[in-house]
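Undergrad:
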Ligand code: PGA
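Residue numbers (the numbering used here): 29 to 291.
1. DSSP puts residue 276 in a beta bridge; with which residues?
2. Tell me which residue opens and which closes the beta strand (DSSP E) that residue 91 is part of.
3. With H, G and I counted as helix, E and B as strand and the rest as coil, what does DSSP make of residue 270?
4. Does the beta-carbon distance from residue 225 to residue 154 come in below 8 Å?
5. Per the contact definition of three or more C-beta pairs closer than 8 Å, is the segment 149 to 166 in contact with the segment 190 to 200?
6. Under the rule that 16 or more other beta-carbon atoms within 10 Å means buried, what is residue 148, buried or exposed?
7. Spatial neighbours of residue 127 within its chain, please: CB distance less than 6 Å, with the 5 preceding and 5 following residues excluded, ordered by chain position.
8. Kindly list the residues whose CB is nearer than 6 Å to the CB of residue 165, restricted to its own chain and excluding five residues on each side of it in sequence; keep chain order.
9. For residue 114, collect the residues of the same chain with a Cβ closer than 6 Å to its Cβ; drop the 5 residues on either side in sequence, then sort them by chain order.
10. Who are residue 118's beta bridge partners in DSSP?
11. Which partner residues does residue 252 have in the DSSP bridge list?
12. If you draw a straight line from the alpha carbon of residue 258 to that of residue 38, how long is it in whole angstroms?
13. Run the proximity test for residue 208: is its beta-carbon closer than 7 Å to any non-hydrogen atom belonging to the ligand PGA?
14. Less than 8 Å between C-beta atoms, sequence neighbours within five positions excluded: which residues of the same chain meet that for residue 160?
15. Given a cut-off of 8 Å on the beta-carbon distance, is the pair residue 122 and residue 88 in contact?
16. Return yes when the C-beta of residue 90 is under 7 Å from any heavy atom of the ligand PGA, and no when it is not.
17. Would you tell me roughly how many angstroms separate the C-alpha atoms of residue 100 and residue 283, rounded to the nearest one?
18. Give a single yes or no on whether residue 169 has its beta carbon closer than 7 Å to a heavy atom of the ligand PGA.
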């Protein structure tokens, strides 16, 4: 039986003071259990603050991105070893915001290179994380245009194949995949729960082909995209959904706690 998992992705939010206040509230409101794991992925700058507050609790801290190089002349980047040093348990990779999909939608094509993560660089990041025993949270998902063209499953299968190329099933055994339809992120539009579950089930079948049936059974598959207290119970009760990756709603302690309780 897979443990449920709820992870908050704080994105570019929270000063030190704000982060401390939200975490202190969370510690009073909820407690992760043997059935439900809980993590928060703050900005790089607040990882240490959150990590210290989570010490001697069952909460996990994670990061939102990583660079695959070990060390050296990579201005502005952070290595997996540095994340390990701050006790990061998880790290998000391949989020649609770092893949550059928002870049494509909202900013001119010429600025895409500021954002563009590819399946190839996502793969390098996953390898760097696994080397440090940090659990990757691999995000996959289709744009609205891809969904409307009937390409949802093919797009996601290609993302999984590219991201997991050359990775051993046993190594990714404790990894996580998050299904995040791009059109549902930060838009208030949630994917219909039955359809989200169908896609998560399809993801598990693909994982079985890529990594083998045993790791595919163990990997948690989350849904992400406008998860909130009002829809969490419905989503988390679906057969193929093992929890949620929560953006906006993870910034408010009461709301995030209610989502965790639904799991
Ligand atoms: P959202 O973001 O919950 O604000 O839609 C989810 C995510 O991007 O992980």
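Each residue gets a CB set at the ideal place from its N, CA and C atoms; glycine is no exception. The structure presented is a predicted model; accordingly, all values stated were derived computationally and were not measured.
TA: Let me lay it out:
1. Residue 276 is not bridged to any residue.
2. That run of the beta strand (DSSP E) goes 88 to 91.
3. Coil, per DSSP.
4. Taking 8 Å as the Cβ cut-off, residue 225 and residue 154 do not qualify as a contacting pair.
5. Taking 8 Å as the limit for Cβ pairs, the verdict is that the segment 149 to 166 does touch the segment 190 to 200.
6. Residue 148 sits exposed, since fewer than 16 C-beta atoms from the chains shown fall within 10 Å of its C-beta.
7. Closer than 6 Å at Cβ, skipping near neighbours: 145.
8. Answer for residue 165: 118, 120, 204 and 206, listed in chain order.
9. Answer for residue 114: 75, 76 and 79, listed in chain order.
10. According to DSSP, which records beta bridges pairwise, residue 118 is partnered with 90 and 163.
11. Under DSSP, the beta-bridge partners assigned to residue 252 are 273.
12. Distance between the alpha carbons of residue 258 and residue 38: 19 Å.
13. Result yes, Cβ under 7 Å from the ligand PGA.
14. Contacts found: 108, 109, 111 and 112.
15. For the pair residue 122 and residue 88, the CB atoms are not nearer than the 8 Å cut-off.
16. For the ligand PGA, not one heavy atom lies less than 7 Å from the Cβ of residue 90.
17. The alpha-carbon of residue 100 is positioned some 41 Å away from that of residue 283.
18. Every heavy atom of the ligand PGA is 7 Å or more from the Cβ of residue 169, so no.
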